[in-house]
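**Q**
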Amino acid sequence: MQKQLIQDWQNVEFSFQPNAQAEHDLFVADFGSRMTLMEAVQGRPSAKTVLSEELKKLKKDEENATPKQLKVSYEGKGGLTAMILMGTASSFVVQDQMKKAFAAILTAGDDAKIVQINLRGLSATHAQNVLEWVASLCVLTRFRPEIYGKKLEERKPLGKLSVHILTGLNKKVAESIVEKGRILAICNNQSRSLSEMPSNVLHPKSYRDHVEKLAKEWGVAFNFIDVKQLTKKGAGAFLAVCRADLNERAGIVHLHYKGKKAKKKVAIVGKGICFDTGGYNVKVGEYMYGMHQDMSGSAVAVSLFRALVELEAPYEVHCYLALAENLISHEGFRPSDIVVASNGMSIEVINTDAEGRMVLSDTLVIASEQKPDLIIDYATLTGSIIRSIDTRRSGCYSNQLKLSSLAVDVGERCGERVWNFPIGDDYNDALKSEHADIRQCASAAAADHIYAATFLSKFVGKNVPWVHVDLAAESNKGGLGLVPTESTGFGVRFGYELITKVLG
């Protein structure tokens, strides 16, 4: 990852002092406090007249819950852009409207930019959420993907963005909220950047080396479980996927951080298939294009890990990245093969394009050895989840009904929404095999996302709470919530909020 990109993401300065030099005034207010907008245009007669008329129009649409946008241009340069919260709009809707209202203004150019954001017209509850989201938005808009060749030579560093926030919150509280929003956004940017790298740049070896460097920067422990070690562990499911990789670059990255006064433990697992051909069940061209992003689950996992480290979460955190490629070779695994995973369970292979659940199964066994208080895994695992709910939410599954319901609630509150699906029970029937302990897939079944999660549940340690996220929302045309790009980095904010909610 280029250093310039990281510097661009971090070149945002937040202040809680007003600045008369700001060309753009951004304003978020509850409907009942909309008249405080007039304070922002004192000394601007023409803007005041226009704003007064706009507020009169707004009164007529009071019962519509969708947040409303108002724009007033200043004489000369700049202007005021306001978002008025109406009724009980969801977190996602507020974030989406905030992005539409403010992203173009916050998007940095080559020159420095000064922006003033006024949140004084919000209730205390709204103010805390909106402050975190707007701080994130200031960083999320600075994301730029990796580029190569002459395009890279033409790219200039982004100018500094100075953000002056006016809020009625206690300054220390506000500073803490802004820092959380800033870090979550930086980690989202990292996730998106990793996901978009081509597979000839980010393959299992270069990915491992990159994460090892990051681990040194973060001051956390790094370990790599290579093919030889996986063989000793009897990780036959993971190794089956690796058979076609004659370079033996695959393996599991293990990061470990122990927070201060840590009493609880969490494990984060990510699917890191750096390219997926489908194996012998080869993908056709339109479905193989873009398969360098089949490692997005691992990008979310390592970025969530970073967020927990930088925000000094009071937990012991383990992160496992299952790094491999699903290639085609005469050595590759085949349908009807039977392999044995590291927990001793035999698996009848049905489809080599269902490699994600193979690498995750052994990785979940290894993660369970730590006996964590929670495991959360991320994977771009199935196409059926997208056919089921599209790409605006991700699928959520758990071995505890209470936990999966909590996950849905957390997603609604933080704006990264998930939808709960059942697993196990009678769904186990379709995974029964005449020759092995379990089938890898339910043949000819429509709801593969449910059967995939049911399969994975067999490899989670006994009595270990577990949440599986099938990343349907990893990519969404037009962006999602606060994120303006098609690649969304979905899961970092959700994971952070879920972990802190579950572990306290």
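According to the numbering used here, the sequence shown holds residues 147 to 650 in order. For every residue, glycine included, the Cβ atom is placed at its ideal position computed from N, Cα and C.
Can you tell me the Cβ-Cβ gap for L183 and L197, rounded? I've got them flagged as a contact below 8 Å.
**A** By one-based count along the sequence shown, residue 183 stands at place 37. By one-based count along the sequence shown, residue 197 stands at place 51. Yes, they are in contact, since the Cβ atoms of L183 and L197 sit about 6 Å apart, within 8 Å.
**Q** CB V463 to CB V412, shorter than 7 Å?
**A** On the sequence shown, position 317 is the one that residue 463 refers to. On the sequence shown, position 266 is the one that residue 412 refers to. Their beta carbons are under 7 Å apart, which means V463 touches V412 by this criterion.
**Q** What residues match up with G267 in a beta bridge as DSSP calls it?
**A** The residue given as residue 267 occupies position 121 in the sequence shown. For G267, which the question treats as bridged, DSSP gives the partners A175.
**Q** What residue range is occupied by the uninterrupted alpha helix (DSSP H) comprising S198?
**A** In the sequence shown, counting from the first residue as 1, residue 198 sits at position 52. Looking at the DSSP string, the run of the alpha helix (DSSP H) that includes S198 is P191 to K205.
**Q** Would you mind working out which of E558, E562 and A591 sits nearest N574, comparing C-alpha positions?
**A** Taking the sequence shown and counting its residues from 1, one reaches residue 574 at position 428. Taking only the C-alpha atoms, the option nearest N574 is A591.
**Q** If you reduce the DSSP assignment to three classes, tell me which class S322 lands in.
**A** Within the sequence shown, the letter at position 176 stands for residue 322. Helix at S322.
**Q** Under the three-state reduction of DSSP, which class applies to H595: helix, strand or coil?
**A** For the purposes of this step, residue 595 is taken as the residue at position 449 of the sequence shown. Here H595 sits in helix by DSSP.
**Q** Contact between the stretch 476-494 and the stretch 558-570 is defined here as three or more beta-carbon pairs at a separation below 8 Å; is this criterion met?
**A** Verdict: no, contact absent.
**Q** If you draw a straight line from the C-alpha of K217 to the C-alpha of A228, how long is it?
**A** Start at 1 with the first residue of the sequence shown, and residue 217 comes out as number 71. Start at 1 with the first residue of the sequence shown, and residue 228 comes out as number 82. Distance between the alpha carbons of K217 and A228 is about 6 Å.
**Q** Leaving out five residues on either side along the sequence, give the residues of the same chain with a beta carbon under 7 Å from the beta carbon of T253.
**A** Within the sequence shown, residue 253 is the residue found at index 107, counting from 1. If we look at T253 and ignore the five residues flanking it on each side, its Cβ neighbours are T287.
**Q** Keeping to the same chain, check which residues put their C-beta closer than 6 Å to that of Y403; ignore five residues upstream and five downstream.
**A** Here residue 403 corresponds to residue number 257 of the sequence shown, with the count starting at 1. So the list reads V366, V455 and V463, once near-sequence residues are dropped.
**Q** Mapping DSSP to helix, strand and coil, what is G557?
**A** In the sequence shown, residue 557 corresponds to position 411, counting from 1. G557 falls in the helix class under three-state DSSP.
**Q** Identify every residue that forms a DSSP beta bridge with A459.
**A** Stepping through the sequence shown from its first residue, residue 459 is reached at position 313. DSSP output for A459 lists no bridge partner at all.
**Q** For a test of the three-state rule: what should DSSP assign to S488, helix, strand or coil?
**A** The residue labelled residue 488 in the question sits at position 342 within the sequence shown. Coil.
**Q** Let me check understanding here. Comparing Cα to Cα, which of T234, K223, L201 and K407 lies closest to H212?
**A** Start at 1 with the first residue of the sequence shown, and residue 212 comes out as number 66. Per the sequence shown, the amino acid found at residue 212 is Thr instead of His. When only C-alpha atoms are compared, the closest one is T234.
**Q** Could you give the C-beta distance for A273 and G305, rounded to a whole number, given that I count them as a contact under 8 Å?
**A** Taking the sequence shown and counting its residues from 1, one reaches residue 273 at position 127. Taking the sequence shown and counting its residues from 1, one reaches residue 305 at position 159. Not quite, the Cβ-Cβ distance comes to about 28 Å (not below 8 Å), so this is no contact.
**Q** What is the rounded straight-line gap between the Cα of L527 and the Cα of Y543?
**A** As a working note, residue 527 is residue 381 in the sequence shown. As a working note, residue 543 is residue 397 in the sequence shown. Distance between the alpha carbons of L527 and Y543: 12 Å.
**Q** Count the other CB atoms, across all protein chains shown, that sit within 10 Å of the CB of I596; report buried if there are 16 or more and exposed otherwise.
**A** Position 450 of the sequence shown holds residue 596. Buried, by the Cβ-count rule.
**Q** Restricting to Cα atoms, I'd like to know which of A381, G436, V554 and V629 is closest to S341.
**A** Residue numbering aside, residue 341 sits at position 195 when the sequence shown is read from its first letter. Answer by Cα proximity: G436.
**Q** Once you ignore the five residues that flank L602 on each side, which residues in its own chain have a CB closer than 7 Å to its CB?
**A** Sequence index remark: in the sequence shown, residue 602 carries index 456 (1-based). Only R503, L506, S507, L510 and H614 meet the Cβ criterion.
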